[in-house]
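S.K.:
Numbering (UniProt numbering), first residue to last: 1 to 295.
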């Protein structure tokens with residue numbers, strides 16, 4: 001945005017840390033303090049207060065943050081609209097995606113999008129579905145891609161594509177000859193699963209509930225926040241894992257992992273785009289349409 005001080009303030013308000021703000025914006029910490037001080041002098045208010053070692057927004061700070069985020073959104077929209085006048089597509093696009101989507105689906109799409117629109121500055125935040133939803137609510141991203149399980153009021157969702165979760169094991173392990181497993185038997189098998197807050201875990205929990213099985217009944221030996229970590233663990237243990245089919249394409253092709261059928265348990269889900277407005281900015285809409293057409 002044009003007023004760099006507002007950008008500094010928004011970053012500081014989100015991180016609640018002048019040190020992290022300086023790191024993210026590649027400026028010195030004294031420069032952060034200077035910009036915040038100038039805003040406080042201009043509006044004759046205190047924007048931050050300290051409680052011990054913790055930095056907090058004041059009431060005036062929360063008011064400024066709400067307005068500053070609207071200004072930032074409007075400025076990004078302005079950049080894009082004006083680029084249309086020259087026949088170019090440019091501007092800033094801040095994406096957030098749940099781990100599976102960020103690791104396995106988005107990279108090739110982003111490669112083609114940035115090659116087609118080199119003037120667009122793209123950033124990608126990766127986290128679980130809960131974290132992406134929070135980032136969207138905080139206006140830290142323009143568009144999210146998450147698993148469509150639980151939906152937040154006030155957000156808008158558009159279908160991206162469907163996914164299936166599969167049970168996998170290593171070919172040379174304890175379950176090398178197991179072709180299928182019932183949901184009841186699954187409770188006795190060592191499992192490594194995603195962390196609390198992940199869309200994957202929500203899908204598993206909902207499917208098991210239909211068979212009157214609680215997530216707490218599973219024999220979970222480890223929880224990891226990375227699907228890559230889960231796959232590597234399974235390849236070196238006798239545990240099984242439930243992961244996205246998209247995440248094990250290479251392992252199935254090479255024979256490093258194999259799928260074990262889960263009898264009578266449908267672990268299906270949709271990946272969706274999520275945004276704050278019913279009619280998102282044109283650059284957001286352009287990427288959304290590009291990604292859906294790129295399937």
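Glycine included, every Cβ here is placed at the ideal spot set by N, Cα and C. On a predicted model such as this, the values are computed, not experimentally measured, just so you know.
Output the boundary residues of the alpha helix (DSSP H) element that contains residue 214.
M.R.: It is not in any alpha helix (DSSP H) - residue 214 carries neither H nor E in the DSSP assignment.
S.K.: Pull up the distance between the alpha-carbon of residue 293 and that of residue 57, whole angstroms please.
M.R.: Going by the C-alpha atoms only, they are around 42 Å apart.
S.K.: Taking residue 157 and residue 274 to be in contact with their CB atoms under 8 Å, please state how far apart those CB atoms are, rounded to whole angstroms.
M.R.: At roughly 5 Å, the Cβ-Cβ gap stays under 8 Å, so residue 157 and residue 274 are in contact.
S.K.: Considering only the alpha carbon of each residue, which of 35, 142, 137 lies closest to residue 286?
M.R.: 142
S.K.: Given a cut-off of 8 Å, decide if residue 124 and residue 181 are closer than it, judged by their beta-carbon atoms.
M.R.: Cβ distance not < 8 Å, so residue 181 and residue 124 don't count as in contact.
S.K.: On the premise that residue 227 lies in contact with residue 254, defined as a C-beta separation below 8 Å, what is that separation, rounded to the nearest angstrom?
M.R.: Not quite, the Cβ-Cβ distance comes to about 17 Å (not below 8 Å), so this is no contact.
S.K.: So, using beta-carbon positions, are residue 101 and residue 145 closer together than 8 Å?
M.R.: Their beta carbons are under 8 Å apart, which means residue 101 touches residue 145 by this criterion.
S.K.: For residue 51, list the residues DSSP reports as bridge partners.
M.R.: 54
S.K.: Taking only three categories from DSSP, how would you classify residue 180?
M.R.: In the three-state reduction of the DSSP assignment, residue 180 falls in the strand class.
S.K.: For residue 270, does the three-state DSSP call read helix, strand or coil?
M.R.: strand
S.K.: Please name the residue or residues paired with residue 240 in a DSSP beta bridge.
M.R.: 191
S.K.: Taking all protein chains shown into account, decide if residue 198 is buried (16 or more other Cβ within 10 angstroms of its Cβ) or exposed.
M.R.: buried
S.K.: Hey, residue 168 and residue 70: beta-carbon distance below 8 Å or not?
M.R.: No. Outside cutoff.
S.K.: Specify the secondary structure class of residue 61 as computed by DSSP and reduced to three states.
M.R.: helix
S.K.: Helix, strand or coil, according to DSSP, for residue 97 in the structure here?
M.R.: The answer is strand: DSSP assigns residue 97 an E or B state.
S.K.: What is the DSSP secondary structure of residue 36, reduced to helix, strand or coil?
M.R.: helix
S.K.: What separation, rounded to the nearest whole angstrom, lies between the Cα atoms of residue 244 and residue 105?
M.R.: Cα atoms of residue 244 and residue 105: separation of roughly 11 Å, rounded to the nearest angstrom.
S.K.: In the DSSP output, which residue or residues are listed as bridge partners for residue 164?
M.R.: 268
S.K.: Check the DSSP bridge columns for residue 145 and list the partner residues they point to.
M.R.: 97, 273
S.K.: Please report the Cβ distance between residue 195 and residue 225, rounded to the nearest whole angstrom; I am assuming they are in contact, meaning their Cβ atoms lie under 8 Å.
M.R.: 5 Å
S.K.: Since residue 90 contacts residue 120 with CB under 8 Å, what's their CB separation in whole angstroms?
M.R.: 6 Å
S.K.: With burial defined as no fewer than 16 other Cβ atoms inside 10 Å of the residue's Cβ, what is the status of residue 35: buried or exposed?
M.R.: buried
S.K.: State the DSSP-derived secondary structure class of residue 16, mapped to helix, strand or coil.
M.R.: It is coil, neither helix nor strand.
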